[in-house]
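**Q** Supplied in structure tokens, the structure appears directly below.
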Amino acid sequence: MVLGIGLVSNISVTITLDTLITNLVDIAFTGAISPQPKNPLPIELTLERVTSSAGINSTEYASFDHTFSDPLVVPIFGTADSGTIKNVLLTQGATASLDIIPLGFLDLLDTDVNLRAATIFGKLGIPLDVTGLKQKNVTTTYELSLGAS
Numbered sequence: 001m002v003l004g005i006g007l008v009s010n011i012s013v014t015i016t017l018d019t020l021i022t023n024l025v026d027i028a029f030t031g032a033i034s035p036q037p038k039n040p041l042p043i044e045l046t047l048e049r050v051t052s053s054a055g056i057n058s059t060e061y062a063s064f065d066h067t068f069s070d071p072l073v074v075p076i077f078g079t080a081d082s083g084t085i086k087n088v089l090l091t092q093g094a095t096a097s098l099d100i101i102p103l104g105f106l107d108l109l110d111t112d113v114n115l116r117a118a119t120i121f122g123k124l125g126i127p128l129d130v131t132g133l134k135q136k137n138v139t140t141t142y143e144l145s146l147g148a149s
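Just so we're aligned, residue 1 is where the sequence shown starts under the UniProt record's numbering, counting upward by one.
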């Protein structure tokens with residue numbers, strides 16, 4: 001399912017020297033339910049787990065499976081920041097992934113979200129598993145950190 005409202009507005013990728021050996025990066029995403037970024041729904045959403053693959057032109061370059069230690073609460077008509085998601089795997093390897101940096105965007109190829117809808121300050125709510133979400137041209141920025149991860 002292509003999500004017209006936009007699941008993510010920006011992806012920030014941190015590349016370390018270790019990345020060249022481990023093929024792992026850290027990411028953070030903002031927006032969590034819209035390109036403005038705003039939650040367009042009149043209900044609070046609480047994200048518990050996100051699995052995603054991202055890439056360019058249907059070629060996967062990164063994937064992760066992340067369970068939030070503290071569920072991510074996206075307020076009514078509001079925004080949320082994922083915080084840092086560590087150990088995102090560069091599936092094509094670090095060297096091959098360097099070629100996509102100048103593009104400045106990634107496509108979410110397949111994203112699944114376990115969430116609870118209509119929560120109250122992150123509590124209660126209706127459990128939902130939203131699967132197969134796709135989104136094109138998510139603005140992506142890269143930061144090179146010369147220290148170890």
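Ideal Cβ positions, reconstructed from N, Cα and C, are used throughout, including at glycine.
1. Would you kindly work out how many angstroms separate the C-alpha atoms of L17 and V8, rounded to a whole number?
2. Mind checking A32: buried by the 16 CB within 10 Å criterion, or exposed?
3. Take the Cβ of G104 as the centre, count every other Cβ of all protein chains shown within 10 Å, and call the residue buried at 16 or more, exposed below.
4. If you measure between the beta carbons of L90 and Y61, is that distance less than 8 Å?
5. Roughly how many angstroms separate the alpha carbons of N119 and I56, rounded to a whole number?
6. Going by other Cβ atoms of all chains shown within 10 Å of its Cβ, with 16 needed for buried, is I15 buried or exposed?
7. Return the Cβ separation of D26 and I101 in integer angstroms, given the expectation that the two are a contact with Cβ distance under 8 Å.
8. Does any residue of chain E bring its CB to less than 8 Å from the CB of S9?
9. Would L106 pass as a contact of A28 if the rule is Cβ separation under 8 Å?
10. With a 10 Å radius around its C-beta and 16 neighbouring C-beta atoms as the bar for buried, classify I76 as buried or exposed.
11. Consult DSSP for L124 and reduce its assignment to one of helix, strand or coil.
**A** Walking through what the data contain:
1. If you draw a straight line from the Cα of L17 to the Cα of V8, it comes to about 27 Å.
2. Confidence at A32 is low in this model, with a pLDDT of 48, below 50, so the placement of that residue is unreliable and no value is reported for it.
3. By the Cβ neighbour-count rule, G104 is exposed, with fewer than 16 other Cβ atoms within 10 Å of its own.
4. Yes, the Cβ-Cβ distance between L90 and Y61 is below 8 Å.
5. The residue asked about is misnamed: residue 119 is Thr in this sequence, not Asn. T119 and I56: Cα-Cα distance of roughly 34 Å.
6. Buried is the call here.
7. That pair is no contact at about 15 Å.
8. Annotation note: the requested chain E is absent from the structure, which comprises a single protein chain.
9. No, they are not a contact pair.
10. Exposed is the call here.
11. Coil at L124, not helix or strand.
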